[in-house]
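Number 214 in numbering that gives the first Met the number 0 belongs to position 215 of the sequence shown; there are no gaps in the numbering.
Structure, as structure tokens:
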Amino acid sequence: MAEVVSKIKYSGGRGRGVLGAFKTKELGNKAASEIKVEKKVEEKQDEPWLRKKLLVANSYTANPDSPGGFTELTIKKGDILEFISEHKDNEHWWEARNGDGMIGYIPSSYVILKEDQVLPWLEQSELESREQERQERLKRQLQQKDLNQGVGFGPPPKPSQKPYVYVSAYNRQPEKPTPDSSATTQKLFYCEVCEKSFNGPKPYKAHMASRGHKEEVENQEYEKKHGY
């Protein structure tokens, strides 16, 4: 078989040039121009600064029983994780990878999504400014989430009841009676026939319907009638 030397040009991200010479073998009676040369295309991998990173704001211990039907991942405050994806059925759980390469689901409220790192060709002053703003924002978020820490399935519930305020009974002042309130009460519930006072409407009504009151009324009417 005859050997044919060919040259191809390629275009890359940084310029153009000759890739080099390679040999192709002629198959049978086919001409070299009829032979199709397959070129392998490398897939561009994600650059490190384009990957999403997670900062662990609160520690979490994975539940070995997997109550959610998926494998959980133990995380510690301050760890840096690599975000993989959100859970398809539960948006409160994210899949992540830790520094040891272990993969599992973590509560999304226990981590902070770090911003994509800036590109390396930006000016140094802009890099420093963005980094300082990011650090200050992360610090504020850590302070807000510092109390949310728990173990088991799902984030801990937030307190729903208002704090109870204790009021001492010794500080309460007794209510002062209204002037002439007792005299007014006696006047309202006073039986002139029997010359008796009562401390409320119920005792007063019971007295007015009693047999003794009715007999006293009859006696006074009899005395008036006969001039006693």
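All residues carry an ideal CB built from backbone N, CA and C; glycine is no exception.
Quick caveat, the model's predicted, so the values are computed rather than measured.
| Check | Outcome |
| --- | --- |
| Any chance the segment 127–146 sits against the segment 91–105, with 3 or more Cβ pairs inside 8 angstroms? | no |
| Could you give the residue range of the alpha helix (DSSP H) that holds K87? | Neither: K87 is in no alpha helix (DSSP H) and is coded neither H nor E. |
| May I ask which residues mark the beginning and end of the beta strand (DSSP E) holding A205? | From DSSP, A205 is part of no beta strand (DSSP E) but of the alpha helix (DSSP H) over 200–207. |
| Given E94, which residues of its chain have a CB within under 6 angstroms of its CB, disregarding the five upstream and five downstream residues? | I83, S84, Y104 |
| For L72, name the three-state secondary structure that DSSP assigns. | coil |
| How close, in whole Å, do the beta carbons of S65 and H91 come, if the pair is a contact with beta carbons under 8 angstroms? | No, S65 and H91 are not in contact; Cβ-Cβ is about 15 angstroms, not under 8 angstroms. |
| Relative to the alpha-carbon of E220, which residue among L141, K76, V192, V55 has its alpha-carbon at the smallest distance? | V192 |
| Taking the alpha carbon of K87 as the reference point, which residue from G68, K113, P202, A208 has its own alpha carbon closest? | G68 |
| Would you check whether the ligand ATP has a heavy atom nearer than 7 angstroms to the C-beta of W93? | Questions concerning the ligand ATP fall outside what the structure shown contains, since it holds no ligand whatsoever. |
| How many angstroms separate the CA atom of R210 from the CA atom of E194? | 16 angstroms |
| Do you know offhand how far E222's Cα is from A208's? | 21 angstroms |
| In terms of residues, what are the limits of the beta strand (DSSP E) holding G211? | From DSSP, G211 is part of no beta strand (DSSP E) but of the alpha helix (DSSP H) over 210–225. |
| Can you give me the C-alpha to C-alpha distance between Q140 and D78, rounded to a whole angstrom? | 15 angstroms |
| Can you name, in chain order, every residue of its own chain whose Cβ lies under 8 angstroms from the Cβ of E215, other than the five neighbours on each side? | V192, C193 |
| Tell me, please, whether the CB atom of R139 is closer than 8 angstroms to any CB atom in chain B? | No chain B is present in this structure, which holds just one protein chain. |
| Give a yes or no on whether the C-beta atoms belonging to N57 and E71 are separated by under 8 angstroms. | no |
| Does the Cβ of P106 have 16 or more other Cβ atoms within 10 Å, making it buried, or fewer, making it exposed? | buried |
| In terms of residues, what are the limits of the beta strand (DSSP E) holding G77? | Careful: G77 lies outside any beta strand (DSSP E) and carries neither H nor E. |
| When you compare only the Cα positions, how much space is there between G226 and H206? | 27 angstroms |
| For S108, which three-state DSSP category applies? | helix |
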